[in-house]
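Undergrad: Let me give you the structure first, and then I'll get to my questions.
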Amino acid sequence: MCIVFTCGQHEFSSQLQGAEGLLCQCHNCGNWSASVVKRHPWFTFCFVPVLPLSIHGYEDVICSICNFAQPLANRGDVLEQMRLMQQNGGALPLQNRGPPPGPPQGWGGGPPKEQPHMQYG
Ligand SMILES: [Zn+2]
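For the sequence shown, full-length UniProt numbering begins at 1 and goes up steadily by one.
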């Protein structure tokens, strides 16, 4: 009788909360197709996850084209984009909304000048 126990590793991944829909540039292929993913590796026994290998998981920037993965901590530009998203209430920052409001227009600088009356006769 031979019993085979299969041990392995399974990884659960999901988009990082606060960075859903955020696309950033891949530093490997240069495409703007990388997204921020939270990964939780688990130790599996007979294909059943029984033990988390990482308590907090890993936060990576993973490209959907070439599958290149980079730790989120190494991507300061992505962290900055996430900070801007949180400032905007979870929305992507809007760009080119128009010039900022300037001083009011149409102020002539003083009361109108009186014209001298011309009298004939
Ligand atoms: Zn790539």
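Note that CB positions come from ideal geometry on N, CA and C, so glycine has one too.
Is the beta carbon of C63 sitting closer than 7 Å to the one on S33?
TA: Working through the sequence shown from its first residue, we reach residue 63 at position 63. Working through the sequence shown from its first residue, we reach residue 33 at position 33. Cβ atoms of C63 and S33: closer than 7 Å.
Undergrad: Closest by CA to residue 128, which one among Q87, Q81, M118 and H117?
TA: Nothing can be reported for residue 128: it is not among the residues displayed for the chain, which extend from 1 to 121.
Undergrad: Taking all protein chains shown into account, do 16 or more other C-beta atoms lie within 10 angstroms of the C-beta of S54, making it buried, or fewer, making it exposed?
TA: What you label residue 54 is simply residue 54 of the sequence shown in a count that begins at 1. Exposed, by the Cβ-count rule.
Undergrad: Near L23, which residues of its chain fall below 8 Å by C-beta distance, leaving aside the five closest residues on each side in sequence?
TA: Position 23 of the sequence shown holds residue 23. Excluding residues within five positions, the ones whose Cβ falls inside 8 Å are W32, S33, A34 and S35.
Undergrad: Is any non-hydrogen atom of ligand 1 found closer than 6 Å to the C-beta of F12, if you look at the structure I gave you?
TA: The residue you call residue 12 lines up with position 12 of the sequence shown. The answer is no for F12.
Undergrad: Excluding sequence positions up to five away, which residues of its chain have a Cβ less than 6 Å from the Cβ of G45?
TA: To locate residue 45, count along the sequence shown from 1; it is residue 45. The residue asked about is misnamed: residue 45 is Phe in this sequence, not Gly. For F45, where only same-chain residues beyond five positions count, the Cβ hits under 6 Å are C7.
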